[in-house]
Amino acid sequence: MVDGGGESSAADGLSTEEWLSCAQGLVPRALGKAREVKGFPGRWKMIISKLEQVPSRLSDLSSHPCFLRNALCKEQLQAVSKTLNGVIQFADLCVKEKYEGKLQMQSDLDALAGKLDLNLSDCGLLIKTGVLGEVSFSSAATSSCSDQEASVHGNLKELLARLQIGHLEAKHKALDSLVEVMKEDEKNVLAVIGRSNIGALVHLLTATSPRIREKTATVICSLAESGSCENWLVSEGVLPPLIRLVESGSSVGKEKATISLQRLSMSSETARSIVGHGGVRPLTDICYSGDSVSQSAAACTLKNISAVPEARQALAEEGIVKVMNLLDCGILLGSKEYAAECLQNLTSSNDDLKRSVISEGGMRSLLVYLDGPLPQESAVGALRNLVGLVSLEVLILLGLLPRLLHVLKSGSIGAQQAAAAAICQICTSAEMKRSVGEAGCIPLLVKMMESKANSAREVAAQAVASLMTLSHNCRLVKRDDKSVPNMVALLDPSPHNTAKKYVVSCLTLLSSSKKCKKLMISYGAIGYLKKLSEMDLVGAKKLLERLERGKLKTLFSRK
-17 MVDGGGESSA ADGLSTEEWL SCAQGLVPRA LGKAREVKGF PGRWKMIISK
33 LEQVPSRLSD LSSHPCFLRN ALCKEQLQAV SKTLNGVIQF ADLCVKEKYE
83 GKLQMQSDLD ALAGKLDLNL SDCGLLIKTG VLGEVSFSSA ATSSCSDQEA
133 SVHGNLKELL ARLQIGHLEA KHKALDSLVE VMKEDEKNVL AVIGRSNIGA
183 LVHLLTATSP RIREKTATVI CSLAESGSCE NWLVSEGVLP PLIRLVESGS
233 SVGKEKATIS LQRLSMSSET ARSIVGHGGV RPLTDICYSG DSVSQSAAAC
283 TLKNISAVPE ARQALAEEGI VKVMNLLDCG ILLGSKEYAA ECLQNLTSSN
333 DDLKRSVISE GGMRSLLVYL DGPLPQESAV GALRNLVGLV SLEVLILLGL
383 LPRLLHVLKS GSIGAQQAAA AAICQICTSA EMKRSVGEAG CIPLLVKMME
433 SKANSAREVA AQAVASLMTL SHNCRLVKRD DKSVPNMVAL LDPSPHNTAK
483 KYVVSCLTLL SSSKKCKKLM ISYGAIGYLK KLSEMDLVGA KKLLERLERG
533 KLKTLFSRK
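Start counting the sequence shown at -17; every next residue gets the next number (our numbering).
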């Protein structure tokens, strides 16, 4: 029998079956030697109990259908044989008391027990987790794909399996290889990765080595961004170690962990879990101290969390309102947009959160942000949520109306829609309605009625209807050549047209003008109103009667 040290050329050439025989032969020798030792009784008792488990693990391993086809089995048997030889050598030293020092020997025996633990654990992993079957998949895959593809998949499965077995340095080498492979062939890695591999990676996130944690975070970031492994990552417990990396990892580790959380937080359930695991405070810290990429990812993660209503109070308690400072100092435009979206979510319903945002300067920051070249819907939406709690004097002092006018002129359709909704919100007094009219918003709202988006047409019509209750604004609408044609077009009785109830009100106010009545009739308002009257739309019948009287008078005057 070969000695089992694995050092000689003869040992290197052993087959898997020969290594099995070697390991099986070493077990009784190791047990016999261990039982002879009188010193360090507690440690040797523990080592003996582990040695007694080895035969059953070897039996389980050798009975697996893939035993002879798998390089991992041979390597595992080599590792077991090496450990068993170590037991024999240390037992001889202890029996003869030929060791350098008691403390050193205690440390060596503890390390030996750790190696035995690792061997037993790895043998169990090879059996229980299906690693052997996964790695041997390539031999059966040739029937369904090319030999080359099967070979690639088989190599990748073996590489992934190595993340689960062996000592930390071996796993580190496997991780290095995986990082390189993912740079060139991420698609194939994603095709073969399994849940057990994900679990092994999550475990490596807690390794003592900062370099291992950083590389593992890089791989997990790629997996999270792929969109194919989120459930496995979360179920295998990836959130707590990612949050710890955000707190205290290297700059690369923080960046990759934050990007991973950004992607995973798109799920409402995961967003709640991030809050539950204490992830809010580290993310807010990154918003102020991280680099541009980390800052943007952290702001986006907080925005995703704020979309979950029941998480908002917890966010507020962790100081989330201060994230609005990114509106002023965010490095990337994306960071500012995420901060605005976060504030919009926070202020959507809870008055206490609204007051908190206002008291901490949130409205001023939002208004300054709107001065940019492309005002965003979220910032205007947040303002719309807040204006009801601020006095008219303060709104005018802060310069709200010029900003809303700017949005109506140059914002996206979504931002324009939010601005129109904000105007509806603030027009609760004659004074404010006059101020909005004098600011020049009415022509822009009238033009907005031409939008292709039904929701935009509706909110524009609603804003104009509210403004027109003031006679001064009603005159401004009459002067706009587009007002009557745009409003008549919105009398369309189809169900998807939700603006019709507001334009009936607008046209009723304009119907006191002969010129406007003639325009309404010429653009076909009567036909629309007849259908709306049949639908019992409020105000439609009254307006129809006015227009028909005007039409009769015109007819008689011509005769």
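The C-beta atom is built at its ideal place from N, Cα and C for all residues, glycine as well.
- In terms of Cβ geometry, V290 and A253 form a close pair [threshold 8 Å].
- Going by DSSP, A435 is part of no alpha helix (DSSP H) at all; its letter is neither H nor E.
- It is roughly 8 Å from the alpha-carbon of S210 to the alpha-carbon of L172.
- Counting along the chain, S465 sits inside the alpha helix (DSSP H) bounded by residues S465 to A471.
- Secondary structure within the segment 231 to 312: the alpha helix (DSSP H) runs of 4 or more consecutive residues, fully enclosed, are 233 to 246, 250 to 258, 262 to 271, 274 to 288, 294 to 299 and 308 to 311 (chain order).
- Straight-line measurement puts the Cα of A438 at about 25 Å from the Cα of K512.
- P477 carries a coil assignment under DSSP once its states are collapsed to helix, strand and coil.
- Judged by DSSP in its simplified three-state form, Y320 adopts helix.
- In the structure shown, K155 falls within a helical segment according to DSSP collapsed to helix, strand and coil.
- If the five residues before and after L380 are omitted, its C-beta is found closer than 7 Å to the C-beta atoms of M345, R346 and L349, all from its own chain and listed in chain order.
- Under the three-state reduction of DSSP, H388 is assigned to helix.
- A residue is called buried once 16 or more other Cβ atoms fall within 10 Å of its Cβ, and R457, having fewer, is exposed.
- N468 sits close to V428, with the two beta carbons spaced by under 8 Å.
- With a 10 Å radius around the Cβ and a threshold of 16 neighbouring Cβ atoms, Q358 comes out buried.
- For a cut-off of 8 Å, the C-beta gap from Q88 to R25 is around 7 Å, short enough to register as a contact.
- Contact annotation: the segment 162 to 177 touches the segment 138 to 145, with at least three C-beta pairs closer than 8 Å.
- Between L224 and S242, the CB-CB gap stays under 8 Å.
- Counting the other CB atoms within 10 Å of its CB gives E237 a total of 16 or more, which places it among the buried residues.
- In the DSSP assignment, L349 falls within the alpha helix (DSSP H) that extends over G344 to Y351.
- Non-local beta-carbon contacts of L150 in its own chain, meaning distances under 7 Å to residues more than five positions away in sequence, involve A189 in chain order.
- Of all C-beta pairs linking the segment 291 to 311 to the segment 263 to 274, three or more are shorter than 8 Å, placing the two stretches in contact.
- Taking the Cα of S493 as reference, the smallest distance to any Cα among L525, N479, Y484 and S250 is reached at L525.
- In the displayed model, Y484 falls within a helix according to three-state DSSP.
- Around the beta carbon of T200, 16 or more other beta carbons sit within 10 angstroms, so the residue counts as buried.
- In this structure D310 is exposed. Its beta-carbon is surrounded by fewer than 16 other beta-carbon atoms within 10 angstroms.
- CA-CA distance, M430 to Q277, rounds to 36 Å.
- The C-beta of Q86 has fewer than 16 other C-beta atoms within 10 Å across all chains shown, which makes the residue exposed.
- DSSP, reduced to helix, strand and coil, places E82 outside both helices and strands of the structure shown, so it counts as coil.
- The alpha carbon of V372 has as its nearest neighbour, out of A397, E420, A182 and V339, the alpha carbon of V339.
- With 16 or more neighbouring CB atoms inside 10 Å of its own CB, E440 falls in the buried class.
- When rounded, the separation of the alpha-carbon atoms in V161 and L66 is 34 Å.
- Each residue's CA atom was taken as its position, placing I287 and V389 some 27 Å apart.
- T451 and K415 have their C-alpha atoms roughly 9 Å apart.
- Measuring C-alpha to C-alpha distances from L328 to each of A298, L40, E79 and A400 identifies A298 as the nearest.
- Of N455, G181, A403 and K80, the smallest CA-CA separation from V369 is found for A403.
- By alpha-carbon distance to A239, the top candidate from L374, S360 and C203 is C203.
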